[in-house]
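If you want the working numbering, it's the 1-based position in the sequence shown plus 90.
Inspection log for the structure reproduced underneath, given as structure tokens.
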Amino acid sequence: MKTSEKTAITALGEFRLIDRLSKIIELKQPSTVKGIGDDAAVIRYKNAETVVSAELFLEGIHFDLTYTPLKHLGYKLVTAGVSDIYAMNATPRQILLSIGLSKRFAVEDIEELYAGVKIACEHYGLDLAGGDTTTSLTGLALHITAIGEAAEGKMTYRSGGKKTDLLCLTGDLGAAYMGLQLLEREKRIFAGNPQKQPQLEGYDYILRRHLKPEARKDIIDMLAQCPIVPTSMIDVSDGLASDVLHLCKQSECGVRIYLERLPIASETFRFADEIHIDAVTAALHGGDDYELLFTAPVTMHDTIQKELPNIDIIGHLCDASEGAYLLTPDNQAIELTAQGWKGI
Ligand SMILES: [Mg+2]
């Protein structure tokens with residue numbers, strides 16, 4: 091759609107914009123007593139603890155609109171919000187979404203963002219129950235509050251890990267970081283020569299992992315079915331190294347991770363080779379994976395392998411005095427250090 095055909099937000103004003111956006115969303119959760127339309131949302135959970143988490147996404151810091159479709163961004167924002175709720179072994183039920191937008195965005199752009207939010211709400215079983223919309227001087231600012239419930243005795247903190255517990259990981263690591271590197275590379279090439287078309291073929295997986303990541307609702311459902319209540323859990327959003335250190339600190343434990351057990355997708359290896367980055371470094375420090383890292387008693391080893399075949403046991407906790415190390419197949423011990431996004 092050409093910019094000239096789009097509706098300026100000033101043509102609608104804040105209240106009519108909110109009216110128009112709220113029509114996109116329907117309420118489905120029984121626990122949402124009141125959604126958009128009053129001063130506050132009203133939520134009622136019976137016999138459950140309430141879990142609340144917040145996530146802030148700023149243009150130029152967390153996302154780049156040159157290559158991020160607004161619909162994908164809406165979906166990713168919700169994924170980031172609910173991933174923290176799943177990491178508590180809880181179920182998200184409502185989100186509040188706040189948007190700060192500059193004049194360069196039109197009503198249709200925000201509707202596109204909302205379309206992604208709506209798909210995510212349907213996928214994760216959420217109600218968009220409120221939020222705020224305001225003007226920003228430059229760029230797009232997005233904030234999500236995710237609210238959920240945990241059944242009694244199911245809440246899982248970072249602090250419950252015991253030495254000798256198994257360290258388990260869902261999915262694979264480093265792919266989202268590689269997807270970002272690919273998009274950044276093509277952006278640089280395009281800036282140098284706008285006639286050149288971006289070369290993205292053959293890298294669907296790493297692109298999807300960056301642009302439209304999934305939070306592991308499926309794993310929380312599987313854990314409940316087994317049933318397995320992890321002793322501790324965290325979502326891997328800043329990179330495995332940083333996140334396992336958070337878990338170790340809270341659990342007052344050390345850790346051993348076996349390098350050859352780190353799950354890394356073949357496409358991640360392929361692109362890492364192409365741009366001469368070590369795939370293991372991307373797996374340890376890449377971030378944006380939204381996988382779950384949890385601990386379970388060593389007695390659960392066979393149950394985990396049988397009931398949760400798509401989970402990798404990548405190591406174990408140990409005494410805090412033994413520190414946090416990655417062990418290579420040739421028996422070298424590399425100390426794990428937190429680097430986060432900007433470390434590579
Ligand atoms: Mg988290």
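Every residue gets a Cβ at the ideal spot worked out from N, C-alpha and C, and that includes glycine.
### Query
Does the count of Cβ pairs from the region 176-184 and the region 147-161 closer than 8 Å reach three?
no
### Message
Does the contact criterion of 3 or more C-beta pairs under 8 Å hold for the region 114-128 versus the region 201-217?
### Response
yes
### Message
Can you determine whether any heavy atom of ligand 1 sits closer than 6 Å to the C-beta of Ala177, and answer yes or no?
### Response
yes
### Query
Straight-line CA distance for His162 to Val207?
9 Å
#### Entry: Ser112 beta carbon near ligand 1 (any heavy atom closer than 6 Å)
no
### Close Cβ partners of Cys343 (< 6 Å) along its chain, the five nearest in sequence each way excluded
Gly251, Lys253, Leu407 and Ala410
#### Entry: Nonlocal neighbours in the same chain, by C-beta distance under 7 Å from Ile324, ignoring five residues either side
Ala177, Arg248, Asp333, His336, Leu337 and Leu383
#### Entry: Option nearest Lys136 by Cα separation, candidates Ser121, Asp217 and Gly190
Ser121
### First and last residue of the uninterrupted alpha helix (DSSP H) at Val207
Val197 to Tyr214
### Task
Say yes only if the C-beta of Asp379 is nearer than 6 Å to one or more non-hydrogen atoms of ligand 1, and no if none qualify.
no
#### Entry: C-beta contact flag for Leu417 and Leu374 at 7 Å
no
### Task
For the region 255-301, list the beta strand (DSSP E) runs that are entirely contained and at least 3 residues long, ordered along the chain.
256-260
### Query
In or out: Ile309 buried (at least 16 other Cβ within 10 Å) or exposed?
buried
### Message
I'd like to check one pair, Thr358 with Gly264: are the Cβ atoms closer than 7 Å?
### Response
yes
### Message
Using only the alpha-carbon positions, how far apart do Tyr267 and Asp378 sit?
### Response
7 Å
#### Entry: Between the CA atoms of Gly282 and Arg298 - distance to the nearest angstrom
25 Å
### Message
Restricting to runs no shorter than 3 residues, where is the beta strand (DSSP E) found entirely within the region 322-381?
### Response
322-326 and 343-348
### Task
Would you mind reading off the limits of the beta strand (DSSP E) that contains Arg183?
Thr181 to Leu191
### Query
Starting from Ile309 and walking both ways along the alpha helix (DSSP H), at which residues does that stretch end?
Lys307 to Gln315
### Task
Assign Tyr176 to one of three DSSP states: helix, strand, or coil.
helix
### Task
Please state if the CB of Ile404 and the CB of Arg351 are separated by a distance shorter than 7 Å.
yes
#### Entry: Nonlocal neighbours in the same chain, by C-beta distance under 8 Å from Leu111, ignoring five residues either side
Ile200, Glu201, Tyr204 and Thr223
### Query
What do you reckon, are the CB atoms on Ser143 and Ala236 nearer than 7 Å?
yes
### Task
Assign Thr427 to one of two classes, buried (16 or more other C-beta atoms within 10 Å of its C-beta) or exposed (fewer than that).
exposed
### Message
Can you tell me whether Gly164 is helix, strand or coil according to DSSP?
### Response
helix
### Message
Once the 5 residues before and after Ser226 are set aside, which same chain residues still bring their CB inside 7 Å of it?
### Response
Gly190, Leu191 and Ser192
### Query
What whole-angstrom Cβ distance do Leu230 and Thr385 have, given they're in contact under 8 Å?
That pair is no contact at about 38 Å.
### Query
Between the C-alpha atoms of Arg261 and Asp402, what's the straight-line distance to the nearest angstrom?
According to the sequence provided, residue 261 is Gly. The question's Arg does not apply to it. So the two alpha carbons sit approximately 8 Å from each other.
### Query
Which residue's Cα is closest to the Cα of Asp420: Val388, Asp128, Tyr165 and Tyr348?
Tyr348
### Message
Please return the same chain residues whose Cβ sits closer than 6 Å to the Cβ of Glu276, not counting the five positions on each side in sequence.
### Response
Pro288
### Message
At a cut-off of 6 Å, would you count Ser327 as near ligand 1, judging by its Cβ distance to the nearest heavy atom?
### Response
yes
### CB of Pro317 within 7 Å of CB of Thr246, strictly
no
### Query
What whole-angstrom Cβ distance do Ile99 and Val197 have, given they're in contact under 8 Å?
6 Å
### Message
Rounded to the nearest angstrom, what separates Asp294 and Gln395 at their Cα positions?
### Response
29 Å
### Task
Please find out if some non-hydrogen atom of ligand 1 comes closer than 6 Å to the beta-carbon of Asp174.
yes
### Query
Candidates Phe195, Asn179 and Glu381: which alpha carbon is nearest Ala314's?
Asn179
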